[in-house]
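Let me begin by presenting the structure, written as structure tokens, before commenting on it.
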Amino acid sequence: MTRHIFVTGGVASSLGKGLTAASLGRLLKQRGLRVVIQKLDPYINVDPGTMNPFEHGEVFVTDDGGETDLDLGHYERFIDENLTRDSNATTGSIYSTVIAAERHGEYLGRTVQVIPHITDEIKRRIRSLAGDEVDVLITEVGGTVGDIEILPFLEAVRQFRLDVGDHNVCYVHVTLVPYIGPSGEHKTKPTQHSVTELRAAGIQPHAIVCRSDEPISDDLERKISRLSNVPFEGVVNAPDVDSLYEIPLILHDEGLDGYICKTLDLETTPPDLAEWRALVDRVVGASALVRVGLIGKYVSLVDAYLSVVEALNHAGAHHGAQVEIDWIQAEDVEGLLAEGRLRDLDGIVIPGGFGERGVEGKIAAAGFAREHHVPCLGLCLGLQCMTVEFARNALGLERANSSEFDPATPHPVIDLMGSQRDVSDMGGTMRLGAYVAQLRSGSQVAQIYGEEVVSERHRHRYEFNPRYRARFEESGFSCSGESPDGRLVEFIELDDHPFWIATQAHPEFKSRPDRPAPLFRAFLEAALHRAEGRNPQLLQVDADAVG
Ligand code: GLN
């Protein structure tokens with residue numbers, strides 16, 4: 003029978019509840035258990051696809067085309083499993099299901115209410131991911147205990163224990179233990195209040211994960227244990243760390259996974275963490291430094307590009323290099339170019355995005371990279387900007403553009419394709435999820451992937467316009483990957499450039515800490531070459547240090 007772990011959060015948001023759930027998942031997986039993770043989100047959007055990345059961070063896309071919360075990215079990267087759209091349920095999607103059932107007459111004659119109808123639907127979503135092939139389902143409850151919106155979720159999660167039995171459920175509460183400067187102390191009161199609030203909802207936590215800036219003392223953990231009625235063993239401390247990949251090791255050292263297995267009567271061997279430790283050593287011990295400019299529209303919230311950053315870090319760990327990201331506001335690019343400020347970059351990433359703002363800056367950055375042989379990786383909108391740049395400046399197609407940004411352009415080198423034209427339902431018109439591409443034999447991308455049929459995840463409406471393909475290909479711009487029917491361009495590359503490659507997909511979503519996405523791995527290698535060329539002395543120092 004599937005055991006259930008529910009992770010809630012208290013005191014403040016952004017404590018790393020998702021990372022805690024993901025790290026716990028990894029530890030349990032290393033104990034030989036089959037783990038699935040799910041996130042319940044208390045907002046009313048049916049999915050985060052329509053939310054502003056400035057506010058909510060990246061939309062993570064699953065293989066099956068789910069537009070999901072960015073925590074699913076952490077889950078996939080940590081437990082190394084592909085999840086589905088069912089791993090994310092929002093208040094909006096839950097109400098939609100219940101309201102649709104009501105309209106179908108399924109509750110005929112009855113009053114439809116939060117309890118039991120909404121809570122039953124929440125429990126159904128949880129149960130739908132459990133089963134014979136799942137040993138542990140970790141369910142993260144989004145939001146903070148004390149929020150109004152979270153109440154139906156807490157109620158459902160409370161009832162769940164009654165439904166499946168005490169020994170099959172474990173509640174883990176993540177809280178903050180703040181350090182108050184003037185008194186020179188870590189304070190337990192916020193945690194105490196938040197546990198009281200959770201208990202008022204009928205949930206007594208089995209474990210408390212105390213987030214803090216610096217490690218807290220055993221005495222303090224003992225105090226929290228007494229005040230919240232949680233055994234001392236169940237109170238663990240997770241102080242801030244340099245790399246998020248250290249978190250599983252910290253939680254394990256604190257004994258959290260062993261304690262939870264005991265609580266859930268799960269007999270397992272201790273986790274084998276040798277590979278994970280080696281990974282963390284590579285991340286923390288990276289010596290060479292590589293500077294990558296990320297030309298974005300949402301650079302004020304770095305979470306908007308979370309998977310891109312992680313994929314760069316994975317590639318860095320692979321090459322033993324630390325990636326320093328230069329966050330460049332796309333609208334500033336033209337000014338920065340005039341000042342010669344992009345010359346210091348070892349590589350440029352042009353990530354995905356929607357809307358016109360900043361697009362001209364991305365196009366200018368693509369042109370700079372092309373002309374100055376700076377490694378440049380384009381992702382989705384990045385491919386589109388690189389295509390427009392080449393059309394305007396190498397093919398002389400004046401005012402070439404994507405019809406998304408200039409519907410009247412004489413040269414829509416990026417355009418909507420047939421079925422994508424109906425945009426009346428904002429949730430339904432994008433090419434979403436995993437699609438296979440056929441790579442051209444002998445191309446740079448085929449060499450990078452080491453295979454000719456690859457699958458990556460997509461999230462876009464616009465495509466390379468096939469009417470222009472021949473003109474591009476005659477001028478050294480190869481459409482080196484396409485859909486199996488040959489209609490859609492999936493990858494582009496320049497014949498005569500160290501790395502000017504882009505994809506219509508988002509390979510960042512499939513990158514894993516110990517298996518960087520191939521394009522990111524190769525991009526970073528090219529960037530490292532440039533770093534070496536620019537600063538041979540620095541590398542000599544590094545080599546001496548290593549040797
Ligand atoms: N806005 C572009 C499109 O819809 C690119 C989308 C993206 O980068 N994810 O095609």
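Letter 124 of the sequence shown, counting from 1, is numbered 126 in this note's numbering, and no numbers are missing. Backbone N, C-alpha and C define an ideal beta-carbon position, used for all residues, glycine too.
Per DSSP, the bridge partner or partners of residue i
| i | result |
| --- | --- |
| cysteine 378 | Ile350 and Trp502 |
| glycine 11 | Val176 |
| serine 302 | According to DSSP, which records beta bridges pairwise, serine 302 is partnered with nothing at all. |
| valine 38 | Leu139 |
| valine 147 | Asp149 |
| aspartate 334 | Aspartate 334 pairs with nothing; no bridge assigned. |
| threonine 4 | Beta-bridge pairing links threonine 4 to no other residue. |
| leucine 291 | Gln324 |
| aspartate 43 | Thr92 |
| serine 404 | Ile416 |
Among the options, the one whose alpha carbon lies nearest that of residue i
| i | options | result |
| --- | --- | --- |
| proline 232 | Leu72, Glu78, Thr93 and Tyr173 | Sequence inspection shows valine at residue 232; the proline mentioned does not correspond to that position. It is Tyr173 whose Cα lies nearest to the Cα of valine 232. |
| glutamate 187 | Ala132, Ala323, Glu216 and Asp165 | Glu216 |
| isoleucine 7 | Phe392, Ser245, Val136 and His499 | Val136 |
| lysine 41 | Asp134, Glu78 and Glu495 | Glu78 |
| glutamate 199 | Cys212, Asp221, Tyr181 and Ser230 | Ser230 |
| leucine 550 | Leu338, Glu465 and Asp73 | Beyond the ends of the chain as shown, which are 3 and 549, falls residue 550; an answer cannot be given. |
| threonine 86 | Gln449, Pro486, Ser227 and Arg459 | Arg459 |
| glycine 298 | Gly357, His254 and Gly12 | Gly357 |
| arginine 463 | Thr93, Phe407, Val159 and Ser95 | Phe407 |
| isoleucine 218 | Leu178, Ile416 and Glu534 | Leu178 |
| threonine 431 | Ile249, Thr52 and His106 | Thr52 |
| arginine 345 | Ser130, Ala367 and Gly354 | Ala367 |
| serine 15 | Val143, Thr113, Val116 and Pro118 | Val143 |
| glycine 483 | Asp516, Glu104, Leu246 and Gln446 | Gln446 |
| arginine 442 | Arg433, Gly435 and Val455 | Val455 |
| aspartate 283 | Leu303, Ala323 and Ile262 | Ala323 |
Rounded C-alpha distance that separates residue i from residue j
| i | j | result |
| --- | --- | --- |
| proline 562 | alanine 313 | With the chain covering only 3 through 549, there is no way to say anything about residue 562. |
| glycine 167 | alanine 24 | 24 Å |
| aspartate 427 | glycine 18 | The pLDDT assigned to aspartate 427 is 46, lower than 50, so where the model puts this residue is not dependable, and the model offers no usable value. |
| aspartate 544 | valine 243 | Per-residue confidence for aspartate 544 stands at a pLDDT of 44, beneath the threshold of 50, marking its modelled position as unreliable; no derived number is given. |
| valine 38 | leucine 139 | 5 Å |
| leucine 381 | tyrosine 437 | 15 Å |
| valine 425 | isoleucine 182 | At valine 425 the pLDDT is 48, less than 50, meaning the model places this residue with poor confidence; the figure from the coordinates comes in the next sentence. About 51 Å. |
| glycine 429 | threonine 64 | Low per-residue confidence applies at glycine 429: pLDDT is 47, beneath 50, and the placement is therefore not dependable, though the value from the model is reported in the following sentence. Going by the C-alpha atoms only, they are around 15 Å apart. |
| histidine 175 | alanine 276 | 28 Å |
| proline 509 | aspartate 221 | 46 Å |
| proline 241 | lysine 225 | 17 Å |
| valine 390 | aspartate 49 | 31 Å |
| aspartate 417 | serine 404 | 6 Å |
| glutamate 256 | aspartate 497 | 53 Å |
| arginine 28 | valine 415 | 44 Å |
| glycine 94 | valine 100 | 10 Å |
| serine 513 | glycine 318 | 12 Å |
| arginine 401 | glutamate 336 | 17 Å |
| arginine 160 | glutamate 123 | 14 Å |
Element boundaries [beta strand (DSSP E), containing residue i]
| i | result |
| --- | --- |
| isoleucine 210 | 209 to 214 |
| histidine 462 | 455 to 462 |
| serine 480 | 479 to 484 |
| arginine 359 | Neither: arginine 359 is in no beta strand (DSSP E) and is coded neither H nor E. |
| alanine 507 | It is not in any beta strand (DSSP E) - alanine 507 carries neither H nor E in the DSSP assignment. |
| glutamine 557 | Since the first residue of the chain shown is 3 and the last is 549, residue 557 is not available in this structure. |
| alanine 556 | Outside the modelled stretch of the chain, which goes from 3 to 549, sits residue 556, for which no answer is possible. |
Cutoff 7 Å: residue i Cβ touching any chain D Cβ
| i | result |
| --- | --- |
| leucine 266 | In the structure shown, chain D cannot be found, because there is only a single protein chain. |
Start and end residues, alpha helix (DSSP H) containing residue i
| i | result |
| --- | --- |
| threonine 99 | 93 to 105 |
| valine 197 | 191 to 202 |
| leucine 229 | 220 to 230 |
Any non-hydrogen atom of the ligand FMN within 6 Å of residue i CB
| i | result |
| --- | --- |
| arginine 293 | Looking at this structure, you won't find the ligand FMN anywhere; what it does contain is the ligand GLN. |
- Message: Does the segment 45 to 65 come into contact with the segment 299 to 308, if we say contact requires no fewer than three beta-carbon pairs (one atom in each stretch) closer than 8 Å?
- Response: yes
- For the segment 330 to 339 and the segment 351 to 363, state whether three or more C-beta atom pairs, one from each stretch, are separated by less than 8 Å. yes
- Message: Any contact between the segment 520 to 532 and the segment 488 to 502? By contact I mean 3 or more CB pairs, one from each, below 8 Å.
- Response: yes
- Query: Do the segment 489 to 496 and the segment 248 to 266 make contact, defined as three or more Cβ pairs closer than 8 Å?
  - Reply: no
- Can at least three beta-carbon pairs, one atom from the segment 66 to 82 and one from the segment 123 to 130, be found at a separation below 8 Å? no
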